[in-house]
Amino acid sequence: MTAPATRTTSVTRSATGSATSTASEQAAAHGPEWRADPYALALRTGQGPLFLRRTDGRLLPLDVERWCAGADVADESVLSRCRGTVLDIGCGPGRLVAALAERGHRALGIDVTPAAVTRTVHRGGTALCRSVFDPLPGERRWDTALLMDGNIGIGGDPAVLLRRTADLLAPGGRLLAEAAPVDVDERCEVRLDDGRGTLGTPFPWARVGRRALLRHAEAAGWRTVGNWTVAGRHFAELVPGTRRRPAAGAPAPLGAAS
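Start counting the sequence shown at 852; every next residue gets the next number (my numbering).
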């Protein structure tokens, strides 16, 4: 899961491994606001409670402890399907990026929260503090993209996100996406809530179950080549079909940006 941010920063290590300023240094330059964010605090401690609070007051629990642990059996079912270079969109604390690096993949995580980037790098992964809608390294050259842990909800519009993701993949590339564990298809405004009265900034989000994910993917020009369930988590493997124009509001493809 990736939380919202209003600024773009660079990385602790670039996609090619070259050193730059640390995510912590860059975050400090942005001021103290991210330090009090419930998501950033949860990532630094490695535990919740942490929720998405909807405008109707309903709380949706977030599994911080699982995100901060190592890859589990459900994650392994995804990792085994990764091919070539891998872009983990909304990498969080980096368990998948680190696992992919251990398997010899060139993997890059992106997340808009500096604490997530820092934790990913500390685990041995490479990460950028950047939105999926920002210019990214290697556009149209990634072999595999990941949208795990609810990240199909990024931006609040799965169709826009799916079209943007298609523009990041190389010919023959694939997307491995995780659906919500319930049959749902909704857009909502949420805030991060630590259960103790601290609330984050409102941001748009989407929740998409398996049937809705496949429906949105087909409408956005994707073809489903597999879907499976492990440990109560639902996944799909998608490949781009007929290319469509980028969605309104998404940046134009940048080719081999770096």
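Heads up, the beta-carbon is just placed ideally off N, CA and C, and yes, glycines get one too.
As for any alpha helix (DSSP H) of minimum length 4 sitting wholly inside the region 1030-1104, the runs are 1061-1070, ordered along the chain.
Straight-line spacing of the CA atoms in P1032 and L998 works out to 14 Å. Going by DSSP, R905 is part of no alpha helix (DSSP H) but of the beta strand (DSSP E) stretching over 902-905. With respect to the C-alpha of T1080, the residue from P889, V924, C919 having the closest C-alpha is V924.
Taking 8 Å as the upper bound for CB-CB distance, G960 and T971 are in contact here, some 5 Å apart. Segment contact: the region 924-935 against the region 944-954, three or more CB-CB distances shorter than 8 Å; contact assigned. For V963, no alpha helix (DSSP H) run applies, since DSSP gives it neither H nor E.
The region 979-994 and the region 1048-1068 do not touch, with fewer than 3 CB-CB distances between them shorter than 8 Å. A straight line joining the alpha-carbon of V1035 with that of P1022 spans about 31 Å.
Put simply, the region 899-909 does not touch the region 930-948. Fewer than three CB pairs are less than 8 Å apart.
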